[in-house]
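Trainee:
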Amino acid sequence: MNIFRFAGDMTHLISVLVLLLKIYATKSCSGISLKTQELYALVFLSRYLDLFTNYISLYNTLMKLVFIGSSLAIVWCMRMHHAVKRSYDKEVDTFRHYYLVLACFVLATLVNEQFTLREVCWAFSIYLEAVAILPQLVLLQRSGNVDNLTGQYVFFLGAYRAFYILNWIYRYFTEQYFTRWIACIAGIVQTALYADFFYYYFISWKNNAKLQLPA
Amino acid sequence: IDAEHHHDEL
Numbered sequence: 367m368n369i370f371r372f373a374g375d376m377t378h379l380i381s382v383l384v385l386l387l388k389i390y391a392t393k394s395c396s397g398i399s400l401k402t403q404e405l406y407a408l409v410f411l412s413r414y415l416d417l418f419t420n421y422i423s424l425y426n427t428l429m430k431l432v433f434i435g436s437s438l439a440i441v442w443c444m445r446m447h448h449a450v451k452r453s454y455d456k457e458v459d460t461f462r463h464y465y466l467v468l469a470c471f472v473l474a475t476l477v478n479e480q481f482t483l484r485e486v487c488w489a490f491s492i493y494l495e496a497v498a499i500l501p502q503l504v505l506l507q508r509s510g511n512v513d514n515l516t517g518q519y520v521f522f523l524g525a526y527r528a529f530y531i532l533n534w535i536y537r538y539f540t541e542q543y544f545t546r547w548i549a550c551i552a553g554i555v556q557t558a559l560y561a562d563f564f565y566y567y568f569i570s571w572k573n574n575a576k577l578q579l580p581a
Numbered sequence: 491i492d493a494e495h496h497h498d499e500l
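These protein sequence lines are chains V and P, in that order.
Going by the working numbering, the residue at position 15 of the first sequence is 381; the numbering climbs one at a time, nothing skipped.
Going by the working numbering, the residue at position 2 of the second sequence is 492; the numbering climbs one at a time, nothing skipped.
1) Count the CB pairs spanning the segment 513 to 520 of chain V and the segment 391 to 402 of chain V that are closer than 8 Å, and state whether there are at least three.
2) For PRO501 of chain V, which option in V:ALA581, V:ARG462, V:ARG445, V:VAL432 has the closest C-alpha, if you only look at C-alpha atoms?
3) Please state whether DSSP places ASN514 of chain V in a helix, a strand or coil.
4) Quick check on the burial criterion: 16 or more other C-beta atoms within 10 angstroms. Buried or exposed for PHE522 of chain V?
5) Which stretch, first to last residue, makes up the alpha helix (DSSP H) that contains LEU438 of chain V?
6) Can you tell me whether ILE491 of chain P is helix, strand or coil according to DSSP?
7) Find the nearest neighbour of LEU405 of chain V within the set V:ASP416, V:ILE492, V:ALA449, V:TYR390, judged by alpha-carbon distance.
8) Measure the Cβ-Cβ separation of ALA407 of chain V and VAL441 of chain V and say whether it is below 7 Å.
9) Determine the extent of the alpha helix (DSSP H) in which PRO501 of chain V is found, giving its start and end residues.
10) Between LYS430 of chain V and LEU500 of chain P, what straight-line distance do the alpha-carbon atoms span, to the nearest angstrom?
11) Taking 7 Å as the limit between beta carbons, can you name the residues of its chain near SER509 of chain V, skipping five residues before and five after?
12) Per DSSP, what kind of secondary structure is GLN578 of chain V in: helix, strand or coil?
13) Going by other Cβ atoms of all chains shown within 10 Å of its Cβ, with 16 needed for buried, is PHE544 of chain V buried or exposed?
14) How long is the line joining the alpha carbons of VAL486 of chain V and ASN574 of chain V, rounded to whole angstroms?
15) So with Cβ pairs under 7 Å, would you call ILE548 of chain V a contact of chain P?
16) Residues of chain P with a CB under 8 Å from the CB of ARG452 of chain V: which are they?
17) Can a CB atom of chain P be found closer than 7 Å to the CB of MET429 of chain V?
18) Which class does THR377 of chain V belong to by DSSP, given the choice of helix, strand or coil?
19) Can you give me the C-alpha to C-alpha distance between ARG452 of chain V and TYR390 of chain V, rounded to a whole angstrom?
20) Give me the Cα-Cα distance between SER437 of chain V and SER570 of chain V, rounded to the nearest whole angstrom.
21) I'd like the list of long-range same chain contacts for THR377 of chain V, defined as Cβ closer than 7 Å, with 5 residues on each side in sequence excluded.
22) Pick from V:ASP562, V:PRO580, V:MET367, V:ILE535: whose alpha carbon is nearest that of LEU424 of chain V?
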């Protein structure tokens, strides 16, 4: 564990807490894409298959449980909770995310570390996470104005993988035989998808103005 | 690959 990875995990945890705060405090999920939340739940479920079979550390296990639990809780909330689901923008959240799932699954069967269930699911979760934010970014562009908590949620979610890239660079130079091309390339793609959001987020922060994404 | 080492991250 190095400082970059720890910073990445904490940033990821903050993004989840900000989203939970938004939904709990405002009893609303307006501006949040249910499809992105469903994709993230699938990412964690397919990546942490070895949750009970491969114990790394208490920290590792706890964080996996937090990510799986929170993503499922948010999906449940947005689908079932009487007040929250009323605020879900169904007609705006129209990204065909099933195509993302299919494309990532096909790619994972072709490009993986080993053609085993565990490695194919792991590669699938890596590819899917890289594109999981797309429905959310599309929804933000369609809905124009972004409330603070939603903006912060997306910002921290994007920042965490950037820390992981620093972590992979650090490990590449400090550990022998450390290569993680699949995760690294997917991580770069994932972070790049946030590039324009980061730009508009920085502008709104600099001008102390409301975050506006161009339609 | 060392499977354990390979999946030590989140």
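Each residue gets a CB set at the ideal place from its N, CA and C atoms; glycine is no exception.
Mentor: The structure says:
1) Yes, the segment 513 to 520 of chain V touches the segment 391 to 402 of chain V.
2) Taking the first sequence and counting its residues from 1, one reaches residue 501 of chain V at position 135. Minimum Cα distance to PRO501 of chain V is reached at V:ARG462.
3) Here residue 514 of chain V refers to the residue found at position 148 when the first sequence is read from its first residue. It is helical.
4) In the first sequence, residue 522 of chain V corresponds to position 156, counting from 1. Buried, by the Cβ-count rule.
5) As a working mapping, residue 438 of chain V is identified with position 72 in the first sequence. Boundaries of the alpha helix (DSSP H) harbouring LEU438 of chain V: 424 to 446, taken from the DSSP string.
6) As a position in the second sequence, residue 491 of chain P is number 1, starting the count at 1. Legend: pLDDT at ILE491 of chain P = 45, less than 50; position of this residue unreliable, value from coordinates given subsequently. ILE491 of chain P: coil per DSSP, three-state reduction.
7) Here the question's residue 405 of chain V lines up with position 39 in the first sequence. The residue with the shortest Cα to Cα distance from LEU405 of chain V is V:ILE492.
8) By 1-based counting over the first sequence, the position of residue 407 of chain V is 41. By 1-based counting over the first sequence, the position of residue 441 of chain V is 75. Cβ atoms of ALA407 of chain V and VAL441 of chain V: closer than 7 Å.
9) Your numbering for residue 501 of chain V matches position 135 in the first sequence. Where PRO501 of chain V is concerned, the enclosing alpha helix (DSSP H) stretches over 500 to 509.
10) Locating residue 430 of chain V in the first sequence gives position 64, counting from the first residue. Locating residue 500 of chain P in the second sequence gives position 10, counting from the first residue. Rounded to the nearest angstrom, the gap between the Cα atoms of LYS430 of chain V and LEU500 of chain P is 7 Å.
11) Walking along the first sequence from the start, residue 509 of chain V turns up at place 143. If we look at SER509 of chain V and ignore the five residues flanking it on each side, its Cβ neighbours are GLY397, ASP455, VAL458.
12) In the first sequence, residue 578 of chain V corresponds to position 212, counting from 1. GLN578 of chain V falls in the strand class under three-state DSSP.
13) Position 178 of the first sequence, counted from the start, is the residue given in the question as residue 544 of chain V. Within a 10 Å sphere around the beta-carbon of PHE544 of chain V sit fewer than 16 other beta-carbons, which makes this residue exposed.
14) Translated into the one-based positions of the first sequence, residue 486 of chain V becomes position 120. Translated into the one-based positions of the first sequence, residue 574 of chain V becomes position 208. Each residue's Cα considered, the two are about 45 Å apart.
15) Here residue 548 of chain V corresponds to residue number 182 of the first sequence, with the count starting at 1. ILE548 of chain V does not count as touching chain P.
16) In the first sequence, counting from the first residue as 1, residue 452 of chain V sits at position 86. The contacting residues do not exist; ARG452 of chain V stays about 33 Å from chain P at best.
17) Translated into the one-based positions of the first sequence, residue 429 of chain V becomes position 63. So, interface residue.
18) Residue numbering aside, residue 377 of chain V sits at position 11 when the first sequence is read from its first letter. Helix.
19) The residue given as residue 452 of chain V occupies position 86 in the first sequence. The residue given as residue 390 of chain V occupies position 24 in the first sequence. Rounded to the nearest angstrom, the two C-alpha atoms are 14 Å apart.
20) On the first sequence, residue 437 of chain V is found 71 positions in, with the first residue counted as 1. On the first sequence, residue 570 of chain V is found 204 positions in, with the first residue counted as 1. Rounded to whole angstroms, SER437 of chain V to SER570 of chain V spans 28 Å at the Cα level.
21) Start at 1 with the first residue of the first sequence, and residue 377 of chain V comes out as number 11. Excluding its 5 nearest sequence neighbours in each direction, THR377 of chain V has C-beta neighbours in its own chain below 7 Å: PHE522, ALA525, TYR526, PHE529, listed in chain order.
22) For this step, residue 424 of chain V is matched to residue 58 along the first sequence. Ranked by Cα distance from LEU424 of chain V, the first of V:ASP562, V:PRO580, V:MET367, V:ILE535 is V:MET367.
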